[in-house]
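Novice: For the sequence shown, full-length UniProt numbering gives the first residue as 1, with consecutive numbering after it.
Structure incoming, see below.
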Amino acid sequence: MLIPTLSPGASSFTHHRATLRLSEKFILLLILSAFITLCFGAFFFLPDNSKHKRFDLGLEDVLIPHIDSPKEGKHASGQVRALQEAKEKLRKSREELQAEIQTEKNKVMEDLKKTNAGPKPLPPVPMPRVVGINDGEPPEPDVKEKRDKIREMMKHAWDSYRQYGWGYNELKPLAKKGHSTNIFGNSQLGATIVDALDTLYIMGLHEEFKDGQEWIEQNLDFSVNAEVSVFEVNIRFIGGLLAAYYLSGQEVFKLKAVQLAEKLLPAFNTPTGIPWAMVNLKSGVGRNWGWASAGSSILAEFGTLHMEFVHLTYLTGNPAYYQKVMHIRKLLAKMDRPNGLYPNYLNPRTGRWGQHHTSVGGLGDSFYEYLLKAWLMSDKTDTEARKTYDDAIEAIERHLIRKSNGGLTFIGEWKNGHLERKMGHLACFAGGMFALGADGSPDDKAGHYLQLGAEIAHTCHESYDRTVLKLGPEAFKFDSGLEAVAVRQNEKYYILRPEVIETYWYMWRFTHDPKYRQWGWEAAQAIDKYCRVSGGFSGVKDVYSSTPTYDDVQQSFFLAETLKYLYLLFSSDDLMPLESWVFNTEAHPLPVLHLDSS
Numbered sequence: 001m002l003i004p005t006l007s008p009g010a011s012s013f014t015h016h017r018a019t020l021r022l023s024e025k026f027i028l029l030l031i032l033s034a035f036i037t038l039c040f041g042a043f044f045f046l047p048d049n050s051k052h053k054r055f056d057l058g059l060e061d062v063l064i065p066h067i068d069s070p071k072e073g074k075h076a077s078g079q080v081r082a083l084q085e086a087k088e089k090l091r092k093s094r095e096e097l098q099a100e101i102q103t104e105k106n107k108v109m110e111d112l113k114k115t116n117a118g119p120k121p122l123p124p125v126p127m128p129r130v131v132g133i134n135d136g137e138p139p140e141p142d143v144k145e146k147r148d149k150i151r152e153m154m155k156h157a158w159d160s161y162r163q164y165g166w167g168y169n170e171l172k173p174l175a176k177k178g179h180s181t182n183i184f185g186n187s188q189l190g191a192t193i194v195d196a197l198d199t200l201y202i203m204g205l206h207e208e209f210k211d212g213q214e215w216i217e218q219n220l221d222f223s224v225n226a227e228v229s230v231f232e233v234n235i236r237f238i239g240g241l242l243a244a245y246y247l248s249g250q251e252v253f254k255l256k257a258v259q260l261a262e263k264l265l266p267a268f269n270t271p272t273g274i275p276w277a278m279v280n281l282k283s284g285v286g287r288n289w290g291w292a293s294a295g296s297s298i299l300a301e302f303g304t305l306h307m308e309f310v311h312l313t314y315l316t317g318n319p320a321y322y323q324k325v326m327h328i329r330k331l332l333a334k335m336d337r338p339n340g341l342y343p344n345y346l347n348p349r350t351g352r353w354g355q356h357h358t359s360v361g362g363l364g365d366s367f368y369e370y371l372l373k374a375w376l377m378s379d380k381t382d383t384e385a386r387k388t389y390d391d392a393i394e395a396i397e398r399h400l401i402r403k404s405n406g407g408l409t410f411i412g413e414w415k416n417g418h419l420e421r422k423m424g425h426l427a428c429f430a431g432g433m434f435a436l437g438a439d440g441s442p443d444d445k446a447g448h449y450l451q452l453g454a455e456i457a458h459t460c461h462e463s464y465d466r467t468v469l470k471l472g473p474e475a476f477k478f479d480s481g482l483e484a485v486a487v488r489q490n491e492k493y494y495i496l497r498p499e500v501i502e503t504y505w506y507m508w509r510f511t512h513d514p515k516y517r518q519w520g521w522e523a524a525q526a527i528d529k530y531c532r533v534s535g536g537f538s539g540v541k542d543v544y545s546s547t548p549t550y551d552d553v554q555q556s557f558f559l560a561e562t563l564k565y566l567y568l569l570f571s572s573d574d575l576m577p578l579e580s581w582v583f584n585t586e587a588h589p590l591p592v593l594h595l596d597s598s
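Put into structure tokens, the structure is as follows:
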């Protein structure tokens, strides 16, 4: 490369002039930059005529308030002040500006801490009449002995969870460690603790109840980034916390129930008001299960909120909970129903039914249960719920209930105009539902529905009695010469389910036929023999095998439902009387409410 040189004595004027021009340009650029900054500062700091200035950055609810000045003089002085502030900002160094920003951040954080310092106090409301929550000791020594055994089983289940899975959602009793499933998201919310509380209280296990209460007070936090099942969290957590509150009177349970309920409300933000199946507790974003028909919500999930949400409105004075569930009821009332049946799938975006599949077992079951129980919980004043229940049961009886060749009454499943002659363990709850709804049936059909309940109880007992372990399979068929027997390998498992024992208890309460206690005791003995392990209780994978393998899960509903219903079966009727209590679908008792029409 050649480098030009200047000869000695040559003028350097040209080089000097170029340097001056560059400096002048730089100074002019600085002045122009300052001027533009002032203009933009004035643009942003000057008030406008709107009440709020919205910065549309995807956060639509972030509003920056502006105050209109009533007089022009004040408006002009505001402009001068804004310009002065802009000039002062421009004079500050980068470090000074960063310090100011940090100060503002700290102030916002302090304000947030004050806001979230504690739960808002709830309005005082009269406690519903709470009766029959203690004792219930049966007069017969042999029955008392069986009840004591059930209590011992509960203590083994709880103590094992306390030792090996404390704070986790559930327990792996063989591995002796905590367990969780996707219905609770990725957080450990102590589902077994919340689910078991009312059972502990009813059984008089008050030290264990106190341990659970302390964990809830210190550890139960719903401000977590977890996607949970709206249905499961409602029936297990909100139902369990409300029941614990009504039984014990401890305010912490009510406050926690309301905190969680507020986190579920965003799930209802759909075009139809039919909630999503899942919601993120932190972000409020909802979605449906990927396997559900065409992105649908599920009948048994969005239809099993009424009991808990009515109690939430009662306790908080916030009508939103009641309005949400009543909106669902009204929307369903307007829809056409094929053959009078409710399909299991409903699209929350379009408001149209999905696949025409109707079941009183999984996907449909507790929707019908909650129609009846809404009427009972209202002290039989919610006649709309009762009429909806009666109409639904009439269609179910016409299209789904059949008798097998061997004389067993069963409830099949309706799939696209065809009846599948299969009944699930979950559908066995219906025997108790029919008995519970017998009183108040139209056309003097009380005797008919009590008998129907007895027939379903008999069929479900047969499904237990025809296995090697005397425990019922997940589903059983009524065709090809087989009756009340599981055919597929993936339907032969028993996961500590309560529905059959639930029906035995309701049938016992309404008939006092001793066979129901006998059948319940058979089931309790089988559970204790084949499901009990040193670290708790486990489900089994094949009830037709004499050497079953374990699934290594102690379900939270085993403590909430199965053991509670067994204990009540061997207690006197004055413990949790059905005139005063209505059990949610997770067996959490809520008191009957005596409300006015408002």
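Where is the CB? At the ideal position from N, CA and C, for every residue including glycine.
#1: If you check the beta carbons only, do residue 309 and residue 404 fall under 7 angstroms apart?
#2: One question on the structure: do residue 197 and residue 274 come within less than 7 angstroms of each other, judged by their Cβ atoms?
#3: Could you tell me which whole beta strand (DSSP E) segments of length 3 or greater appear in the segment 397 to 448?
#4: Going by DSSP, name the residue or residues bridged to residue 171.
#5: Helix, strand or coil, according to DSSP, for residue 219 in the structure here?
#6: Under a three-way DSSP split, which group does residue 326 fall into?
#7: Would you tell me roughly how many angstroms separate the C-alpha atoms of residue 190 and residue 267, rounded to the nearest one?
#8: Taking the continuous alpha helix (DSSP H) assigned at residue 261, which residues delimit it?
#9: Using only alpha-carbon positions, find the residue among 570, 577 and 593 that is nearest to residue 149.
#10: Can you list, in chain order, the residues of its chain with a C-beta nearer than 6 angstroms to that of residue 461? Leave out the 5 residues immediately preceding and following it.
#11: Could you say which of 272, 230 and 304 lies nearest to residue 335 if we only look at CA atoms?
#12: To the nearest whole angstrom, what separates the beta carbons of residue 576 and residue 132, a pair I think is in contact under 8 angstroms?
#13: Is the segment 376 to 384 in contact with the segment 398 to 413, if contact means three or more CB pairs nearer than 8 angstroms?
#14: Since I believe residue 506 is in contact with residue 435 (beta carbons under 8 angstroms), could you give me their beta-carbon distance rounded to a whole number of angstroms?
#15: Using only CA atoms, which one of 127, 581 and 558 lies nearest to residue 375?
#16: Suppose the cutoff is 8 angstroms on Cβ atoms and the five residues either side in sequence are ignored; what does the same chain contact list for residue 551 look like?
#17: For my contact list, residue 227 and residue 185 are in at a C-beta cut-off of 8 angstroms; report their separation, rounded to the angstrom.
#18: Going by Cα to Cα distance, which pick from 330, 523 and 553 is closest to residue 533?
#19: What number of angstroms, rounded off, separates the C-alpha of residue 49 from the C-alpha of residue 360?
#20: Taking only the alpha-carbon atoms, compute the straight-line gap between residue 194 and residue 276 and give it to the nearest angstrom.
#21: Hey, how far is the Cα of residue 545 from the Cα of residue 302?
#22: Around the Cβ of residue 98, are there at least 16 other Cβ atoms within 10 angstroms (buried) or fewer (exposed)?
#23: Could you check which residue in 421, 136 and 33 has the C-alpha nearest to that of residue 568?
#24: Bridge partners for residue 357 per DSSP, in chain order?
#25: Quick one: Cα of residue 527 to Cα of residue 566, how far?
#26: Indicate whether residue 317 and residue 123 have their beta-carbon atoms separated by less than 7 angstroms.
#27: Span of the beta strand (DSSP E) holding residue 477?
#28: Could you compute how far the alpha carbon of residue 356 sits from the alpha carbon of residue 323?
#29: Name the two residues that bound the continuous beta strand (DSSP E) containing residue 586.
#30: Am I right that residue 371 and residue 388 are in contact with their C-beta atoms under 8 angstroms? What's the rounded C-beta distance?
#31: Please state whether the Cβ-Cβ distance between residue 366 and residue 562 is less than 7 angstroms.
#32: Less than 8 angstroms between C-beta atoms, sequence neighbours within five positions excluded: which residues of the same chain meet that for residue 147?
#33: Which residues mark the beginning and the end of the beta strand (DSSP E) in which residue 160 is found?
#34: Cutting at 7 angstroms between CB atoms, please list the residues of its own chain near residue 448, excluding the five before and the five after it.
#35: Indicate whether residue 254 and residue 315 have their beta-carbon atoms separated by less than 7 angstroms.
Specialist: Checking against the coordinates, here is how it stands:
#1: Taking the sequence shown and counting its residues from 1, one reaches residue 309 at position 309. Taking the sequence shown and counting its residues from 1, one reaches residue 404 at position 404. Contact: no.
#2: On the sequence shown, position 197 is the one that residue 197 refers to. On the sequence shown, position 274 is the one that residue 274 refers to. Not in contact: residue 197 and residue 274 (Cβ atoms no closer than 7 angstroms).
#3: 401 to 403, 409 to 411, 413 to 415, 418 to 420 and 422 to 424
#4: Position 171 of the sequence shown, counted from the start, is the residue given in the question as residue 171. DSSP, once it has assigned bridges, lists 178 and 554 as partnering residue 171.
#5: Here residue 219 refers to the residue found at position 219 when the sequence shown is read from its first residue. In this structure, residue 219 counts as helix in the three-state DSSP scheme.
#6: Position 326 of the sequence shown, counted from the first residue, corresponds to residue 326. Three-state result, residue 326: helix.
#7: The residue you call residue 190 lines up with position 190 of the sequence shown. The residue you call residue 267 lines up with position 267 of the sequence shown. Cα-Cα distance, rounded: 22 angstroms.
#8: The residue labelled residue 261 in the question sits at position 261 within the sequence shown. Residue 261 -> alpha helix (DSSP H) spans 251 to 264.
#9: Here the question's residue 149 lines up with position 149 in the sequence shown. Of the candidates 570, 577 and 593, the one whose C-alpha sits nearest the C-alpha of residue 149 is 570.
#10: Residue 461 sits at position 461 when you count from the first residue of the sequence shown. Same-chain partners within the cutoff: 519.
#11: Walking along the sequence shown from the start, residue 335 turns up at place 335. Among 272, 230 and 304, the Cα nearest to that of residue 335 is on 272.
#12: Here residue 576 refers to the residue found at position 576 of the sequence shown. Here residue 132 refers to the residue found at position 132 of the sequence shown. Indeed they touch by this definition, with Cβ atoms about 5 angstroms apart.
#13: no
#14: As a first step, residue 435 must be located in the sequence shown, where it is residue number 435. As a first step, residue 506 must be located in the sequence shown, where it is residue number 506. With 8 angstroms as the limit, residue 435 and residue 506 qualify as a contact, their Cβ atoms being about 5 angstroms apart.
#15: One-based indexing of the sequence shown puts residue 375 at position 375. The candidate whose alpha carbon is nearest that of residue 375 is 581.
#16: Counting from one through the sequence shown, the residue named residue 551 turns up at place 551. Hits under 8 angstroms: 493, 495, 538, 539, 540 and 541.
#17: Indexing the sequence shown from 1 puts residue 227 at position 227. Indexing the sequence shown from 1 puts residue 185 at position 185. Indeed, because the Cβ distance is near 5 angstroms, the residues count as touching under 8 angstroms.
#18: One-based indexing of the sequence shown puts residue 533 at position 533. For the residues 330, 523 and 553, the minimum Cα distance to residue 533 belongs to 553.
#19: Position 49 of the sequence shown, counted from the start, is the residue given in the question as residue 49. Position 360 of the sequence shown, counted from the start, is the residue given in the question as residue 360. With a pLDDT of only 39 at residue 49, under the threshold of 50, the placement of this residue in the model should not be trusted, and no figure is reported.
#20: The residue labelled residue 194 in the question sits at position 194 within the sequence shown. The residue labelled residue 276 in the question sits at position 276 within the sequence shown. Taking the straight line from one Cα to the other gives about 23 angstroms.
#21: The sequence position of residue 545 within the sequence shown is 545, counting from 1. The sequence position of residue 302 within the sequence shown is 302, counting from 1. Their Cα atoms are separated by approximately 37 angstroms.
#22: Residue mapping note: residue 98 aligns to position 98 of the sequence shown, counting from 1. It is exposed - the Cβ of residue 98 has fewer than 16 other Cβ atoms within 10 Å.
#23: As a working note, residue 568 is residue 568 in the sequence shown. Per the Cα distances, 136.
#24: Taking the first residue of the sequence shown as position 1, residue 357 is located at position 357. DSSP, once it has assigned bridges, lists 415 as partnering residue 357.
#25: Stepping through the sequence shown from its first residue, residue 527 is reached at position 527. Stepping through the sequence shown from its first residue, residue 566 is reached at position 566. In a straight line, the C-alpha of residue 527 is about 11 angstroms away from that of residue 566.
#26: Position 317 of the sequence shown, counted from the start, is the residue given in the question as residue 317. Position 123 of the sequence shown, counted from the start, is the residue given in the question as residue 123. Contact: yes.
#27: For the purposes of this step, residue 477 is taken as residue 477 along the sequence shown, with counting starting at 1. It spans 475 to 479 - the beta strand (DSSP E) in which residue 477 sits, taken as one unbroken run.
#28: As a working note, residue 356 is residue 356 in the sequence shown. As a working note, residue 323 is residue 323 in the sequence shown. Each residue's alpha carbon lies about 28 angstroms from the other.
#29: Residue 586 sits at position 586 when you count from the first residue of the sequence shown. Unbroken run through residue 586: none, as it is neither H nor E.
#30: As a first step, residue 371 must be located in the sequence shown, where it is residue number 371. As a first step, residue 388 must be located in the sequence shown, where it is residue number 388. So it is a contact: roughly 5 angstroms between Cβ atoms.
#31: Within the sequence shown, residue 366 is the residue found at index 366, counting from 1. Within the sequence shown, residue 562 is the residue found at index 562, counting from 1. In this structure, residue 562 does not lie closer than 7 angstroms to residue 366 by Cβ.
#32: Reading the sequence shown from its first residue, position 147 is the one you call residue 147. Within the same chain, residue 147 has close Cβ partners 137, 138, 567, 570 and 571.
#33: Within the sequence shown, numbered from 1, the residue matching residue 160 stands at position 160. Taken as a continuous stretch (DSSP letters only), residue 160 belongs to no beta strand (DSSP E), being part of the alpha helix (DSSP H) at 141 to 164.
#34: Within the sequence shown, numbered from 1, the residue matching residue 448 stands at position 448. Nothing listed; no residue qualifies.
#35: Residue mapping note: residue 254 aligns to position 254 of the sequence shown, counting from 1. Residue mapping note: residue 315 aligns to position 315 of the sequence shown, counting from 1. Yes, these two residues count as a Cβ contact at 7 angstroms.
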